[in-house]
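Going by the working numbering, the sequence shown opens with residue 77, and the numbers climb by one from there.
Note that beta-carbon positions come from the ideal geometry of N, C-alpha and C, so glycine has one too.
Report on the structure given below.
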Amino acid sequence: MKKKVRGIYILLCFCVFTPLVLQAQTDEEKRILQEREEISKQKKGGSVVVDEKTALELFDNTPSFGIFRDNYFVTGVPTNRKIDKHSADAKFQISIRQRLTKSILPFKTFLYLTYTQRSFWDIYGKSSPFLDNNFNPGLSLSKALIYRNQLMGIAVLSFEHESNGRDSLASRSWNYISLSGSWFIDYRFSAQMKLWAGWVDKEGNPDLLKYKGYGFMAFNYQSADERLWCSAVINPRRKFINMNTTLEINFKPSPKANEYFFLQYYNGYAENLLEYDRYVSMVRVGICIKPVLRNYY
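Next comes the structure, spelled out in C-alpha cells:
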C-alpha cells in the first residue's frame, strides 16, 4: 500500500510540476524564439551574425519574467552503493528570473533578479520527508558580447546567497560574488565559465569551499533541430584532478513542445548544502523545461 502511495506522489509531481513551470514559457517567448530562428539563418562560420542593435532588441523584447535555469523533476538511484528505499530519491529544481531594466544602464547592461530552488526528496522513505531544500536568490548585471557584428556570448556579474533555511547544527549558508561568461562557439556548441569569491558561515560550514570549489566550466551541444541537448559541467575542487561532475542529456519528443525527457548524472561532493562533505554518485531521469535562448548553470 505504501509503495502505491509513493507512486501516486511521483505521478502527481510530474502532473503538477509541468503546467506550473510552463506558465513562464509564454506566447511572447515563443515569438522571440521564432525571431532567433530567423536571425540564425544568417551565419558566418557557424556563428550567428547580428548587429549590436538587433542583439539588444532581442534581449530587451524578451518578457521581463521567465525561466532562468533549467526547471526539472527527476528521480533516481546511486551508482556507488546499495540501491534501496533509503538511497533512492527524487530531486527537483525551480528557477525563475525577473528583468528589472532593459539595456539602458552604463555599457548597455541590464539588471535582473533571479531565484533558484533545488530540493532533495527522500520520497521512497517512511513518510517521504524532504532531505534538504537549497534556496538561491541573486541580483545580476548582464551584458551581451558583440564582436565584428557577431553575438559572441553574454557576460554576467552577480551577487548571490545560498542557504538551506535551517537552524542550529543543520544550518548551511554562504554569500558570494560571481563573474560568468557564456560563449557561442558556433550555432550548436556553447561554453560557460563561472568564478566566485565567497563568504561562508564559519559555524555551520566553515570548509564549504573545499567541496564547492571556486568555479566551474560547462560545455553544451544543441542539435540543429533543437530537439537534443547534451551538457557537461566540470567543477574543480582545489586541485583540478578532483572534480564535481554533472552530465546531462535532454531530448524533446515533439519539435513544438518545450518539455524534454531528462537524464542527469552527478558525481562528487556538495550536491546539496546539508551533506556538502558527503560523496555522492547519482543517476536520475525525469522531465525538464528549458529556458529560451540560453543554457545557464
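- In the three-state reduction of the DSSP assignment, residue 149 falls in the strand class.
- Along the segment 251-297, the alpha helix (DSSP H) occurs as fully enclosed runs of 4 or more residues at 284-288, listed in sequence order.
- Contact check for residue 250 against residue 284 passes: the beta carbons are separated by less than 9 angstroms.
- Here the alpha carbon of residue 161 sits roughly 18 angstroms from the alpha carbon of residue 351.
- When only Cα atoms are considered, residue 217 and residue 174 end up about 12 angstroms apart.
- Three or more pairs of CB atoms, one per stretch, sit closer than 8 angstroms, so the segment 288-304 contacts the segment 258-265.
- Per DSSP, residue 246 is not a residue of any beta strand (DSSP E), being assigned neither H nor E.
- Between the alpha carbons of residue 180 and residue 134 lies a gap of roughly 14 angstroms.
- For residue 128, DSSP records no beta bridge to any residue.
- Per the Cβ contact rule, the segment 205-217 is not in contact with the segment 308-324 (fewer than 3 Cβ pairs under 8 angstroms).
- The alpha-carbon separation between residue 199 and residue 323 amounts to approximately 23 angstroms.
- The alpha-carbon separation between residue 280 and residue 140 amounts to approximately 36 angstroms.
- Sorting 201, 138, 210 by C-alpha distance to the C-alpha of residue 169 places 210 at the top.
- The C-beta distance from residue 151 to residue 362 rounds to 6 angstroms, short enough to fall under 8 angstroms.
- When the five nearest sequence neighbours on each side are left out, the beta carbons in the same chain lying within less than 6 angstroms of the beta carbon of residue 293 are those of 269, 310, in order along the chain.
- For residue 315, the enclosing beta strand (DSSP E) covers residues 315-327.
- C-alpha of residue 231 to C-alpha of residue 356: approximately 31 angstroms in a straight line.
- Beyond the five residues adjoining it in sequence on each side, residue 259 comes within less than 7 angstroms, by CB distance, of 228, 229, 266, 267 in the same chain, given in chain order.
- Taking every protein chain shown into account, the CB of residue 330 has fewer than 16 other CB atoms within 10 angstroms, so this residue is exposed.
- CA-to-CA, the gap between residue 245 and residue 136 works out to about 44 angstroms.
- The segment 186-250 contains, as complete beta strand (DSSP E) runs of 3+ residues, the segments 186-197, 206-223, 226-239 (chain order).
- In the three-state reduction of the DSSP assignment, residue 337 falls in the strand class, which pools E and B.
- Residue state for residue 167 is assigned as strand, using DSSP reduced to three classes.
- A buried status is given to residue 166, since no fewer than 16 other beta-carbon atoms sit within 10 Å of its beta-carbon.
- If you look at residue 357, you'll find it in the beta strand (DSSP E) that goes 356-365.
- Non-local C-beta neighbours of residue 164 in its own chain, meaning closer than 6 angstroms and more than five positions away in sequence, comprise 153, 200, ordered along the chain.
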